[in-house]
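Enquirer: Per my numbering, the sequence shown starts with residue 3, numbered consecutively. Note that CB positions come from ideal geometry on N, CA and C, so glycine has one too. Let me begin by handing over the structure; questions about it come next.
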Amino acid sequence: MVPFKLTNKVPTDTGPSLISAQSVPRPIVFMDNRNNTRIVTPTLPPNQHRGISGASTALPWSPESKNTGKYIWNRVKLKNSPFPRYRHSSSFIVTNDNRIFVTGGLHDQSVYGDVWQIAANADGTSFTSKRIDIDQNTPPPRVGHASTICGNAYVVFGGDTHKLNKNGLLDDDLYLFNINSYKWTIPQPIGRRPLGRYGHKISIIASNPMQTKLYLFGGQVDETYFNDLVVFDLSSFRRPNSHWEFLEPVGDLPPPLTNHTMVAYDNKLWVFGGETPKTISNDTYRYDPAQSEWSKVKTTGEKPPPIQEHASVVYKHLMCVLGGKDTHNAYSNDVYFLNLLSLKWYKLPRMKEGIPQERSGHSLTLMKNEKLLIMGGDKTDYASPNIHDLQTSETDQGEGTLLYTLDLSSLNELCPGIMCESLHAGESFSNSLSGGFTPSKSTESENQEIINILTPRLPDSKVLSYNDIDEGAGSYSSALDDKAFERKSDREEKKPQSSKVDSSINKESPGTGIKVSKKNFPVLRGLTVDSEEYGSSSYKDTSCQKGIPKNLFDDLNLNLQTLRLEAQQKELETARHISQLEKEVQRLMVIKEASKDSNFQTARLKNLEIQKTFLESRINDLKNLLMVKLSQASKLCDQITIQNNGLKTCSEHVTIKRDIIDLENKCDVLKRQNEILVNNMQKLTPELHTYLNESSCYLGKLLKSYPTSARPPSSEKDNQIYEKDSLNKIEKVINEMHETVRAKEKLHLETQKLNDERDSLRANLLDNNNKLDALRKLSDGSSKSMDLTKKAIHLSQSELEKYRKNNDDLQKEIDRIKTEQAEQDDKQEQRGAITHGNFDAFHRMKINNLKAELYMSKENRDSLKDELLALKKKLYTLEQKK
């Protein structure tokens, strides 16, 4: 991959800030106005830091250091080299076939996004390299990222890059690289993600056979430093509910750190060094996931100075720290070892032959045959064309670069006592290699004979379907299965034999060489990213081809799931049993070794005391864990109570709103009925009046036309019948009209009542909305007040700094005048002058004026402090109200 070139170079901000970032050479981020994209521009170290000597910026050589005559350093030429590059990342340990992977970093103004594979021979004396060409899903160029290796997955997160997430912030994707198929996969966890950053570190802990967790700590984005701790379960990254978990540990939390190192050992995280917002640290912190607790480690011995941009890795029970730079940008090539059992520091004696230059931003890889490989950093390390010349060159001569190896096989002789403290609190230490994940606690020979402590052997089982980690375009594929990693079969491993464990333990010593293989590493052995290739779907349905009934297939699937659960339970039981057997074997080893001494009873008593101390510490740990869990449970109960009250209030509001909606619907229905009746009445009223008028007129005409005396007898009966019918019809119409009027009045009353209820409900709703708006306005006003208060605090601080500066200037002026006065007095005394009253009076007056100005400055400073304190109190009060 061709690195993207950085043509613009932006100077660092030199303004006042609580977080000093000027001592850290890192990429600077700014926005391109043409396409509104984020551009990474590196701030390179000074030229003298990247040369071939670097002596002027090296840490001072300790006079106690001496050459013991042993050649432990070696320089190896790498022809087709990916270096020089600075703040790249590499796998902390070689694979089973001696491969190392390198990605990212910067050189001059080029930021790289390519992936390189470096292969070592069996004894680590020669190397070959090649760049891996990847078409899809390749992470963009980045620098300051973090990486680790887990099984056949090379994991990368973060870094300063031009890629942004959907919120316009730094890239927060997690990248998994299959080292067998050379393909990238990007998991898609749900929920909140850790912010994209650089200068952070990641490590892996496999605390039980079914979980492999990736821990992320520290880092920075521009002037913002982090000390958050986030964990991601790699063993379930393909599940749809995979997510990042933000931990809230207790204890002595480390400050916000960047450019530190973090390793995993004994199921714990160990953090050393790095830059804080105020200074550079050389403290060591330990995180225990079992208790979710940070602790500051008290160490002894020859402790390293405060450094950053160094590199570290775990070798056996030692944390190796190499290189880095201090607060004055002085670079180091010293090597320190922290015994993680005795918590004592050791410094490797300085050798002149083959030692690398002082550097920072490099990488450290643990190889086979007890060797460390140092690659890259802020130095160029160009090789000379002379095959026998292993000196570094300042210019690229087309011969690649130099790599450095450190032989640790004679470490016990160089640092006496570093390997003698291998037993601590009645437990054995791990001789397995570790840097980014935690090894199990066992001896070397046990690691060679026992298959797996954390994940014991399982019978061979057929998996219905496994999707390749590389399948898809990098987003979460729909065909991803629930298992991201598969275990090695029994055919690739040996069966554990208890007798072999005992014999091999007696034959080996803590300082013997070891072989790096998947048997030495629970994570490398137990977790493997799928590398098989499938089509668009990983599940091949063969039921139609072979005619298998679906119910039979479901039964078989259910039985398979049951067998898996039983196998997992057996696996856990076997792991516990093996762990107990290990402890018993180690206890017998201690007794056996102690029996060789002349005083057997003393050694046995010491062993019992060690066991007692260990059990007491374990009891205290369990008590502390119980107290932590109880406090967490009480907090959880309080949160549940608060949430229940909130839910109850919300349900009441929902009920009231539902009643209001029902009443409004009823009111609308009655309105429509009332309108229909009113329309009907309006239609009937004119017809009724017309009919009554016509009837009255007709009756009047009849009565006038036919008097009673003149009517013929024959038609009188007919007239009476006709009149009765007419009167009945009139009465019927009148009654219907009265009933219609009464119904109208009744409907009008009901409508009026419903309108009153609706108006009252609307008034209540309006009142509640007004209260809500008032609360919102109060909240907005509080926020604005807080912002104004913060601005006022910043202004007050700037004024305070200004007055302090004026105060210092006045003090310097007073000192200068006093010095001049003293010099003039001396000169006058030498000349024999007796009186100099006028001259002294003038300077005394000037001094008094300066003292007065100094006093006024102090008064102004005190008043500003009082104002600042008042503003802080006001800000605190507003935050409490909010």
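Provide the residue(s) that pair with I282 in DSSP beta bridges, ordered along the chain.
Expert: Taking the sequence shown and counting its residues from 1, the one referred to as residue 282 is at position 280. Answer is E277, bridged to I282.
Enquirer: Which residues mark the beginning and the end of the beta strand (DSSP E) in which E295 is found?
Expert: As a working mapping, residue 295 is identified with position 293 in the sequence shown. Per DSSP, E295 belongs to the beta strand (DSSP E) from E295 to V299.
Enquirer: Kindly give me the distance between the Cβ atoms of A155 and N139, rounded to whole angstroms, as I take these residues to be in contact under 8 Å.
Expert: On the sequence shown, residue 155 is found 153 positions in, with the first residue counted as 1. On the sequence shown, residue 139 is found 137 positions in, with the first residue counted as 1. At roughly 14 Å, the Cβ-Cβ gap does not stay under 8 Å, so A155 and N139 are not in contact.
Enquirer: Whose CA, out of V145, Y317, F239 and T281, lies closest to the CA of I95?
Expert: Within the sequence shown, residue 95 is the residue found at index 93, counting from 1. Nearest C-alpha to I95: Y317.
Enquirer: Can you check whether the CB of I120 is closer than 8 Å to the CB of I134?
Expert: By one-based count along the sequence shown, residue 134 stands at place 132. By one-based count along the sequence shown, residue 120 stands at place 118. No, the Cβ-Cβ distance between I134 and I120 is not below 8 Å.
Enquirer: Just to confirm, are P256 and P279 a CB contact at a threshold of 8 Å?
Expert: Indexing the sequence shown from 1 puts residue 256 at position 254. Indexing the sequence shown from 1 puts residue 279 at position 277. Not a contact, by the Cβ cut-off of 8 Å.
Enquirer: Is there contact here, the stretch 264–272 with the stretch 304–311, by at least three beta-carbon pairs under 8 Å?
Expert: The stretch 264–272 is not in contact with the stretch 304–311.
Enquirer: On the CB-based measure, 16 or more other CB atoms within 10 Å of its CB, does V323 come out buried or exposed?
Expert: What you label residue 323 is simply residue 321 of the sequence shown in a count that begins at 1. Counting Cβ neighbours within 10 Å, V323 comes out buried, since at least 16 surround it.
Enquirer: Taking C-alpha atoms, which residue in S412, M212 and T615 lies nearest to L567?
Expert: Position 565 of the sequence shown, counted from the first residue, corresponds to residue 567. Considering only alpha carbons, the answer is M212.
Enquirer: Looking only at C-alpha atoms, which of T263, E295 and G220 sits nearest to L624?
Expert: Counting from 1 along the sequence shown, the entry for residue 624 is found at position 622. Out of T263, E295 and G220, E295 has the C-alpha closest to the C-alpha of L624.
Enquirer: What's the C-alpha gap between Y200 and T260?
Expert: Translated into positions along the sequence shown, residue 200 becomes position 198. Translated into positions along the sequence shown, residue 260 becomes position 258. Cα to Cα, the separation comes out at about 8 Å.
Enquirer: Beta-carbon separation of Y348 and C417 under 8 Å?
Expert: The count along the sequence shown starts at 1 and reaches residue 348 at position 346. The count along the sequence shown starts at 1 and reaches residue 417 at position 415. Yes, Cβ-Cβ distance for Y348 and C417 is below 8 Å.
Enquirer: What first and last residue would you give for the alpha helix (DSSP H) that runs through L255?
Expert: As a first step, residue 255 is located in the sequence shown; it is residue number 253 there, counting from the start. Segment: none, L255 is in no alpha helix (DSSP H) and carries neither H nor E.
Enquirer: Using a 10 Å radius around the Cβ and a threshold of 16 neighbouring Cβ atoms, would you call K497 buried or exposed?
Expert: The count along the sequence shown starts at 1 and reaches residue 497 at position 495. Confidence at K497 is low in this model, with a pLDDT of 37, below 50, so its placement is unreliable and the value that follows should be read with caution. Counting Cβ neighbours within 10 Å, K497 comes out exposed, since fewer than 16 surround it.
Enquirer: Kindly identify the DSSP beta-bridge partner or partners of K270.
Expert: Indexing the sequence shown from 1 puts residue 270 at position 268. In the DSSP output, where bridge partners are listed per residue, K270 has Y267.
Enquirer: To the nearest angstrom, report how far apart K883 and L871 are at their CA atoms.
Expert: Here residue 883 corresponds to residue number 881 of the sequence shown, with the count starting at 1. Here residue 871 corresponds to residue number 869 of the sequence shown, with the count starting at 1. Between K883 and L871, the C-alpha separation is close to 18 Å.
Enquirer: Do the stretch 220–231 and the stretch 583–592 touch if we need at least three Cβ pairs shorter than 8 Å?
Expert: no
Enquirer: Of all the options L590, N341, S619 and D811, which has the alpha carbon lying nearest to the alpha carbon of H319?
Expert: For the purposes of this step, residue 319 is taken as residue 317 along the sequence shown, with counting starting at 1. Out of L590, N341, S619 and D811, N341 has the C-alpha closest to the C-alpha of H319.
Enquirer: Hey, how far is the Cα of T97 from the Cα of Q645?
Expert: For the purposes of this step, residue 97 is taken as residue 95 along the sequence shown, with counting starting at 1. For the purposes of this step, residue 645 is taken as residue 643 along the sequence shown, with counting starting at 1. Straight-line Cα distance between these residues: approximately 50 Å.
Enquirer: Over the uninterrupted alpha helix (DSSP H) stretch that includes E415, give me the two end residues.
Expert: As a working mapping, residue 415 is identified with position 413 in the sequence shown. Unbroken alpha helix (DSSP H) run through E415: L413 to L416.
Enquirer: Could you tell me if R87 is buried or exposed, where buried requires 16 or more neighbouring beta carbons within 10 angstroms of its beta carbon?
Expert: Taking the sequence shown and counting its residues from 1, the one referred to as residue 87 is at position 85. That one is buried.
Enquirer: Tell me, please, which residues DSSP counts as bridged to S131.
Expert: The sequence position of residue 131 within the sequence shown is 129, counting from 1. In the DSSP output, where bridge partners are listed per residue, S131 has I120.
Enquirer: Just checking my contact of V157 with L197 at CB under 8 Å: how many whole Å lie between their CB atoms?
Expert: By one-based count along the sequence shown, residue 157 stands at place 155. By one-based count along the sequence shown, residue 197 stands at place 195. Not really, about 18 Å apart at Cβ, beyond 8 Å.
Enquirer: Tell me which residue opens and which closes the beta strand (DSSP E) that A208 is part of.
Expert: Locating residue 208 in the sequence shown gives position 206, where the first residue counts as 1. Start and end: K203 to N210.
Enquirer: Going straight from the alpha carbon of D175 to that of W246, what length do you get?
Expert: Within the sequence shown, residue 175 is the residue found at index 173, counting from 1. Within the sequence shown, residue 246 is the residue found at index 244, counting from 1. Rounded to the nearest angstrom, the two C-alpha atoms are 11 Å apart.
Enquirer: Hey, K132 and G402 are a contact pair by Cβ (cut 8 Å); roughly how many whole angstroms apart?
Expert: Here the question's residue 132 lines up with position 130 in the sequence shown. Here the question's residue 402 lines up with position 400 in the sequence shown. That belief does not hold up - the Cβ atoms of K132 and G402 are roughly 13 Å apart, past 8 Å.
Enquirer: From what residue to what residue does the beta strand (DSSP E) around C152 run?
Expert: In the sequence shown, counting from the first residue as 1, residue 152 sits at position 150. Per DSSP, C152 belongs to the beta strand (DSSP E) from A148 to C152.
Enquirer: Can you look up L422 in the DSSP assignment and give me helix, strand or coil?
Expert: Walking along the sequence shown from the start, residue 422 turns up at place 420. Going by the sequence as given, residue 422 is Cys instead of Leu. Coil.
Enquirer: Return helix, strand or coil for S244, following the three-state DSSP convention.
Expert: One-based indexing of the sequence shown puts residue 244 at position 242. S244 falls in the coil class under three-state DSSP.
Enquirer: What does DSSP give as the partner residue(s) for A155 in the beta ladder?
Expert: By 1-based counting over the sequence shown, the position of residue 155 is 153. DSSP output for A155 lists C152 and N180 as bridge partner(s).
Enquirer: Taking the straight line between their C-alpha atoms, what separation do you get for S787 and E803?
Expert: Translated into the one-based positions of the sequence shown, residue 787 becomes position 785. Translated into the one-based positions of the sequence shown, residue 803 becomes position 801. Roughly 24 Å separates the two Cα atoms.
Enquirer: Give the single residue among L375, K853 and L404 whose Cα lies nearest to the Cα of N388.
Expert: For the purposes of this step, residue 388 is taken as residue 386 along the sequence shown, with counting starting at 1. Closest by alpha carbon: L404.
Enquirer: Am I right that S365 and M377 are in contact with their C-beta atoms under 8 Å? What's the rounded C-beta distance?
Expert: Taking the first residue of the sequence shown as 1, we reach residue 365 at position 363. Taking the first residue of the sequence shown as 1, we reach residue 377 at position 375. S365 to M377, Cβ: 5 Å. Contact.
Enquirer: Could you check the C-alpha separation between S800 and K793 for me, to the nearest Å?
Expert: On the sequence shown, position 798 is the one that residue 800 refers to. On the sequence shown, position 791 is the one that residue 793 refers to. Between S800 and K793, the C-alpha separation is close to 11 Å.
Enquirer: Where does L583 fall in DSSP's three states?
Expert: Position 581 of the sequence shown, counted from the first residue, corresponds to residue 583. In the three-state reduction of the DSSP assignment, L583 falls in the helix class.
Enquirer: S85 by DSSP, collapsed to three states: which one?
Expert: Within the sequence shown, residue 85 is the residue found at index 83, counting from 1. Position check: residue 85 holds Phe in this sequence, whereas Ser was assumed. Taken through DSSP and simplified to helix, strand or coil, F85 comes out as coil.
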